[in-house]
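Asks:
Protein chains in written order, with the numbering used here: chain A, 59 to 175; chain B, 166 to 276.
#1: Under 8 Å between C-beta atoms, does residue 196(B) make it to chain A?
#2: Residues of the segment 67-95 of chain A with a CB closer than 8 Å to any CB of chain B: list them in chain order, please.
#3: Residues in its own chain within less than 6 Å of residue 186(B) by CB, not counting five upstream and five downstream?
#4: Name, please, each residue of chain A whose Cβ falls closer than 7 Å to the Cβ of residue 260(B).
#5: Give me, in chain order, the residues of the same chain whose beta-carbon lies closer than 8 Å to that of residue 168(B); leave out the 5 immediate sequence neighbours on both sides.
#6: Per DSSP, which one or two residues make a beta bridge with residue 175(B)?
#7: Where does residue 251(B) sit, in a helix, a strand or coil, going by DSSP?
#8: Find the nearest neighbour of residue 173(B) within the set 184(B), 210(B) and 226(B), judged by alpha-carbon distance.
#9: Look up residue 243(B) in the DSSP assignment and give the residues it is bridged to.
#10: Please return the same chain residues whose Cβ sits closer than 6 Å to the Cβ of residue 136(A), not counting the five positions on each side in sequence.
#11: Say whether chain B places a C-beta atom closer than 8 Å to the C-beta of residue 98(A).
#12: Out of curiosity, what's the CA-to-CA distance linking residue 138(A) and residue 71(A)?
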């Protein structure tokens, strides 16, 4: 089955700096890679996702890059703010049976991001 | 609009008891997922429904765990003979197609 490794486990930055979180996956059939932000006591919130036919996607201060050959993808947050402090999870999913878009996500272990004012 | 809701938000039960956890998905979402999250870990898949049927239940740890979605909307996760190791946050997500949107979770504590 799929295995997703995430690094680093903790990341501390100063406000305004950039933060980068990296993930690798094992199943070459995986083709959908979402990122989630989880605040204390809340459920994971989808912040950005990328599909395997795209190498990079950007949404304001966040961007995700994907290298299918190397089987790794990364989350980049620029101009970090204290409210970006949370746990971030990457995930991967293979195409479902019959080419459907449904199916289980396999998550990384999470990165605790702390942005110091 | 309304997001995924889960009830109860917290559940404390004694070892050996039966519990039911409820998930109300976003209206119109055909797929519904259950995950379990232990402290300091990422969510782990349990089961997912496409409509009323379980499309993949490969993540259920054993036969004490069961889930239903009888009318293709609300789902209930049922755990029999609870054990201390079942203590975790149980997350539900619903999906219109590819993206999965999570609820706040139910924190289950088995004493």
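Positions of the beta carbon are idealized from the N, C-alpha and C atoms, including for glycine.
Replies: With the given structure in hand:
#1: Taking the first residue of the second chain as 1, we reach residue 196(B) at position 31. Closer than 8 Å to some Cβ of chain A, the Cβ of residue 196(B) qualifies, so yes.
#2: 90, 92 and 94
#3: As a first step, residue 186(B) is located in the second chain; it is residue number 21 there, counting from the start. Result list for residue 186(B): 242, 255 and 271, in chain order.
#4: The residue you call residue 260(B) lines up with position 95 of the second chain. In chain order: 160.
#5: As a working note, residue 168(B) is residue 3 in the second chain. For residue 168(B), where only same-chain residues beyond five positions count, the Cβ hits under 8 Å are 191, 266 and 268.
#6: Against the second chain, residue 175(B) aligns to sequence position 10. Answer is 272(B).
#7: As a first step, residue 251(B) must be located in the second chain, where it is residue number 86. Residue 251(B): helix per DSSP, three-state reduction.
#8: Against the second chain, residue 173(B) aligns to sequence position 8. Out of 184(B), 210(B) and 226(B), 184(B) has the C-alpha closest to the C-alpha of residue 173(B).
#9: Along the second chain, one-based indexing puts residue 243(B) at 78. Residue 243(B) is bridged to 185(B) and 231(B).
#10: Here the question's residue 136(A) lines up with position 78 in the first chain. Cβ neighbours of residue 136(A) beyond the five flanking positions: 76 and 119.
#11: Position 40 of the first chain, counting from 1, holds the residue named residue 98(A). No, its Cβ sits nowhere closer than 8 Å to a Cβ of chain B.
#12: As a first step, residue 138(A) must be located in the first chain, where it is residue number 80. As a first step, residue 71(A) must be located in the first chain, where it is residue number 13. The alpha-carbon atoms of residue 138(A) and residue 71(A) are separated by roughly 8 Å.
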